[in-house]
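Note sheet for the following structure.
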């Protein structure tokens, strides 16, 4: 009996833990093939909805794995709600919704079922790594028991996996020091580029259009986000509710870029990525130097990427030569400061849901004047699109359109009105 583990999504993060875990228990692990165009073409046939490209690719890896397994074998795709390793002083390290729900969306793909996916053979424990080792152990015991194995060695197997993961992380730490020590020796006009991509895209050339090798072929150093010393950079005071772990890493990386003259960021993102629509706006707000965002999907061609990279390289060389400066100031108002605007300013809420009408009424009851903005009559939201960069989610456009329409009204006075934008904490719970 074998355990299949598909590449994609959090495979690169957690395979150093799970493969030794199953090996210790005497189980043979089988991994899907590296991403090929054939796998990509198959995932486009299998996927039941318009997910982001990396999630679509994950479907192709499950289908590829089915061809390697027998009827009695299992497939291991855990629910990983958080990584347990937030940056700075953040409390949460939440993964994206599709990553959390990967086992469920695989089960809901009719074509995968037709290809032989037996949902009873899909092992998917719910793992919250910030809940401690005992929680992980209990969940893995349930998973092992479902596979018909004894659970008596699960703790030892988990320790074996964690030791291997620590060794892996230690090697990354050593490589990080080596890379950034070398950057310190760079000449003033010599750039290096931080590739700000998730682990499941940064190391997959067929998912990132080989962007890393394109940078290397141009004669520059390309550094993956995992090799950036950002773990201790704290931005939680300025952006207190960034619960996405990749958002924390990318925004912390912006601070690193701002402090390193020769280091420049290339952000790799994908169409239909909900979290990135918000994160990327924050990144652009905070950067103090040239910065490139490359949006990709299964239709992105090499020519477009090559052109944008070359243009960015030229921009960076000019920036280093003339010593240009760029700065954006970020403003934030905390809820506790609202008392200061009583009877002085008027709060405005986006028309995102009926809840905002109730919240507005509460503020009015406490002598903080407020109102909910009108819904835009333009369903295409063209005005909002003209003020936003790249592909953003519909709620972002919806809110922006309402704000822009209100700003254009004669009654609008920036000294009188305040826009209220709430933030949320979310997580997958089994």
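In the working numbering, the protein residues as written are -5 to 424. In this text, a Cβ means the ideal position worked out from N, Cα and C, and glycines have one as well. As the structure is a prediction and not an experimental result, all values here were calculated from the model.
Sub-8 Å separation of residue i and residue j beta-carbons
i: residue 248; j: residue 288; result: no
i: residue 47; j: residue 198; result: no
i: residue 51; j: residue 34; result: yes
i: residue 246; j: residue 82; result: yes
i: residue 369; j: residue 345; result: yes
i: residue 351; j: residue 151; result: no
i: residue 59; j: residue 102; result: no
i: residue 100; j: residue 130; result: no
i: residue 93; j: residue 200; result: no
i: residue 183; j: residue 314; result: yes
i: residue 299; j: residue 335; result: no
i: residue 439; j: residue 86; result: The chain is shown from -5 up to 424; residue 439 falls before or after that span and cannot be answered.
C-alpha gap between residue i and residue j, whole angstroms
i: residue 53; j: residue 116; result: 14 Å
i: residue 306; j: residue 285; result: 8 Å
i: residue 264; j: residue 337; result: 44 Å
i: residue 170; j: residue 164; result: 10 Å
i: residue 254; j: residue 181; result: 12 Å
i: residue 43; j: residue 91; result: 14 Å
i: residue 190; j: residue 312; result: 22 Å
i: residue 295; j: residue 64; result: 37 Å
i: residue 139; j: residue 242; result: 36 Å
i: residue 326; j: residue 388; result: Bear in mind that the predicted position of residue 326 carries a pLDDT of just 47, short of 50, making it unreliable; the figure below should be weighed with that in mind. Using only the alpha carbons, I get a separation of about 23 Å.
i: residue 224; j: residue 80; result: 11 Å
i: residue 107; j: residue 89; result: 26 Å
Beta-bridge pairing of residue i - partner residues as DSSP gives them
i: residue -2; result: 24 and 69
i: residue 189; result: 218 and 260
i: residue 364; result: 341
i: residue 238; result: 88
i: residue 76; result: 88 and 122
i: residue 117; result: 70
i: residue 412; result: 341
Buried/exposed call for residue i, threshold 16 Cβ in 10 Å
i: residue 293; result: exposed
i: residue 267; result: buried
i: residue 7; result: buried
i: residue 349; result: exposed
i: residue 67; result: buried
i: residue 274; result: buried
i: residue 127; result: exposed
i: residue 426; result: For residue 426 there is no data in the structure shown, the boundaries of the chain being -5 and 424.
i: residue 401; result: exposed
i: residue 77; result: buried
i: residue 240; result: buried
i: residue 310; result: buried
i: residue 5; result: buried
i: residue 16; result: buried
i: residue 395; result: buried
i: residue 283; result: buried
i: residue 408; result: exposed
N- and C-terminal bounds of the alpha helix (DSSP H) containing residue i
i: residue 173; result: 148 to 178
i: residue 52; result: 47 to 60
i: residue 39; result: 31 to 40
i: residue 288; result: Counting along the chain, residue 288 falls outside any alpha helix (DSSP H), though it belongs to the beta strand (DSSP E) covering 285 to 290.
i: residue 312; result: 296 to 316
i: residue 121; result: Where residue 121 is concerned, there is no enclosing alpha helix (DSSP H), although the beta strand (DSSP E) it sits in stretches over 120 to 122.
i: residue 353; result: 349 to 359
i: residue 268; result: 268 to 280
Residue span of the beta strand (DSSP E) that contains residue i, given as start and end
i: residue 259; result: 257 to 264
i: residue 19; result: From DSSP, residue 19 is part of no beta strand (DSSP E); its letter is neither H nor E.
i: residue 201; result: Looking at the DSSP string, residue 201 is not in any beta strand (DSSP E), and its letter there is neither H nor E.
i: residue 406; result: From DSSP, residue 406 is part of no beta strand (DSSP E); its letter is neither H nor E.
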